[in-house]
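In my numbering, each number is its position in the sequence shown, counted from 1, plus 60. Let me begin by presenting the structure, written as structure tokens, before commenting on it.
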Amino acid sequence: MAFVVTDNCILCKYTDCVAVCPADAFYEGPNFLVISPDDCIDCDLCPVECPAGAIYQEDEVPADQQEFIELNAELSKHWPRITEVKPPLEQAKKWDGVTDKIQYLETQSDD
């Protein structure tokens, strides 16, 4: 079973979790990170490192965030892998803890 990045990562994108992932299972979009269920080895290191508390075991994802299970699986097929820590988004502290951020999710970069 894989871990899943949920709503609170949107517009924050802290990458502390990336540094501890032995499987390089994280993928990066414009304003959100996802975990590939195919790459995740269920090691339980990333949830502890996430300052936004946005990572859950798949079977513990809150009921109102279930759509993120499929989003992680799908977006990880299209976004580039991230293996190094980067600074969080500029307004991360402002957005940390704000609920219902799915409306702000950017799935494609402007490249």
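Think of the CB as a built atom: it goes at the ideal place given N, C-alpha and C, for glycine as much as any other residue. From a predicted model like this one, the values you see are computed outputs, not experimental measurements.
{"Query": "Contact set for I129: own chain, Cβ-Cβ below 7 Å, skip 5 residues either direction", "Result": "V64, E118, V121"}
{"Query": "Cross-strand partners of E144 (DSSP beta bridge)", "Result": "Its beta-bridge partners do not exist; DSSP assigns none."}
{"Query": "Residue closest to L93, alpha-carbon to alpha-carbon, out of Q125, L105, C72, A62", "Result": "C72"}
{"Query": "Residue from V145, E144, A112 whose Cα sits closest to the Cα of I70", "Result": "A112"}
{"Query": "Proximity to P148 [Cα-Cα], best of A62, V78, M61", "Result": "V78"}
{"Query": "Span separating the alpha-carbon of K153 from that of P82", "Result": "27 Å"}
{"Query": "Simplified DSSP state of K137, which is helix, strand or coil", "Result": "coil"}
{"Query": "Y87 classed as buried or exposed, judged by whether at least 16 other C-beta atoms fall within 10 angstroms", "Result": "buried"}
{"Query": "Close beta carbons around T167, own chain, < 7 Å, minus the five adjacent residues each side", "Result": "G89, L135"}
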